[in-house]
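Sequential numbering from 807 applies to the sequence shown in the numbering used here.
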Amino acid sequence: MTQPATVSPPHSPHDSAQKVLRQEADAVLYMADNIPADFDAAVALILEKQALTQGRLVICGIGKSGHIGKKIAATLASTGTPSFFVHPAEASHGDLGMVMPSDICLLISNSGETSELSDMVAHCSRFSIPLIGISKKPQSTLMRAATLKLTIPDLPEACAIGMAPTTSTTLTLALGDALAVALMEQRSFQPENFRSYHPGGKLGARLSTVAQLMHDGDAVPTVPEDMVMADVILHMTASGFGIAGVINAQGRLTGVISDGDMRRNMDGLLTRSATEVATPAPITIAPDSLAGEALAVMNDRKITALFVVSADGMPVGILNIHDCLRAGVA
């Protein structure tokens, strides 16, 4: 019996990957030069509405648009724009009650004719909820109903048969990222705000502030300038940091004594004063600095502890390199 001939695919996997990535990259670059006309207005609407009503940005879509919508909602929520995803089928069975008149809706449909979104569109119309549509069909049912239209370029899909959502979903995802970043920049969203929404894992650790990790109060090892070194050594031993901060009569940090300072001043060490042995103008850090910055300073200076000082030079804490490592800052 004759065996059927083996048909080789027209492209190698490597060639297919390059084709898809280049086609999608070209599509994103095209959209970068052709930002949807209502983009600025959408950003302004979201900022104004949320400032006035504390409303949320509700994302809705089904199928691949739904998966992209969930990611957009998550990115928005983590960057300062209150947002959540509602599945359109669940919305039609009670979850419409989650969408309030104070909210804004962002509906995603590549064709703009997704029937499952009809109840959400009607709900927005009934309660005068602003509706932002994302679609590649500006004259579609969704876009005609939308308050603002974010029209993505109508470009060929990158799949071999030109039907599977590939280019269109990439464009929608990129547009969602652009919207989230534009909103966070307009809000002057800062790293400390970002950490509030990302407290866990390595990202949360890297965004910890010095104030959150430092030892403060009585744990800060400080000694007066005129204290004799015999007493300073006892104080350093009790503190467990291997370092002591020297403070003047006003309480400001004027120097630091480390093991190295003591070794360099062994001659008559016990009878010397703290200020005679200390290294003046020590390296310090502010309490609102990121812990990652403090760790970088310690690694660069080859030291194991940093005094934390206020704007007026008062020591308010001490941070040890092991505190950073235990917190996952690396």
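Ideal placement from N, C-alpha and C gives every residue a C-beta, glycine not left out.
Out of the options, point me to the one whose CA is closest to residue i's CA.
| i | options | result |
| --- | --- | --- |
| residue 908 | 857, 956 and 882 | 857 |
| residue 1029 | 914, 1054, 1013 and 1048 | 1054 |
| residue 911 | 841, 861, 899 and 917 | 861 |
| residue 1135 | 831, 1100 and 1110 | 1100 |
| residue 1139 | 1068, 829 and 934 | Residue 1139 is absent from the model: the chain starts at 807 and stops at 1136. |
| residue 1047 | 943, 945, 1064 and 847 | 1064 |
| residue 1037 | 1079, 846, 1059 and 1015 | 1079 |
Could you tell me the alpha carbon to alpha carbon distance between residue i and residue j, rounded to whole angstroms?
| i | j | result |
| --- | --- | --- |
| residue 993 | residue 880 | 17 Å |
| residue 1057 | residue 1121 | 8 Å |
| residue 961 | residue 896 | 31 Å |
| residue 1022 | residue 854 | 41 Å |
| residue 1105 | residue 1019 | 17 Å |
| residue 851 | residue 989 | 11 Å |
| residue 1085 | residue 873 | 59 Å |
| residue 888 | residue 833 | 29 Å |
| residue 1207 | residue 949 | The chain is shown from 807 up to 1136; residue 1207 falls before or after that span and cannot be answered. |
Strictly by DSSP, which residues pair up with residue i?
| i | result |
| --- | --- |
| residue 866 | 892 and 913 |
| residue 845 | None; residue 845 has no bridge partner. |
| residue 1051 | 1028 and 1062 |
| residue 951 | Residue 951 pairs with nothing; no bridge assigned. |
According to the neighbour-count rule (16 or more other Cβ atoms, all chains shown, within 10 Å of its Cβ), is residue i buried or exposed?
| i | result |
| --- | --- |
| residue 1126 | buried |
| residue 891 | buried |
| residue 837 | buried |
| residue 936 | buried |
| residue 916 | buried |
| residue 981 | buried |
| residue 1088 | buried |
| residue 931 | exposed |
| residue 991 | exposed |
| residue 942 | buried |
Thinking residue i and residue j are a contact (beta carbons under 8 Å), I'd like their distance in whole angstroms, please.
| i | j | result |
| --- | --- | --- |
| residue 986 | residue 902 | Actually they do not touch by this definition, with Cβ atoms about 25 Å apart. |
| residue 1093 | residue 1062 | Incorrect: roughly 17 Å between the Cβ atoms, too far for contact. |
Could you tell me whether any Cβ in chain C is nearer than 9 Å to the Cβ of residue i?
| i | result |
| --- | --- |
| residue 1085 | Note that chain C does not occur in the displayed structure, where there is just one protein chain. |
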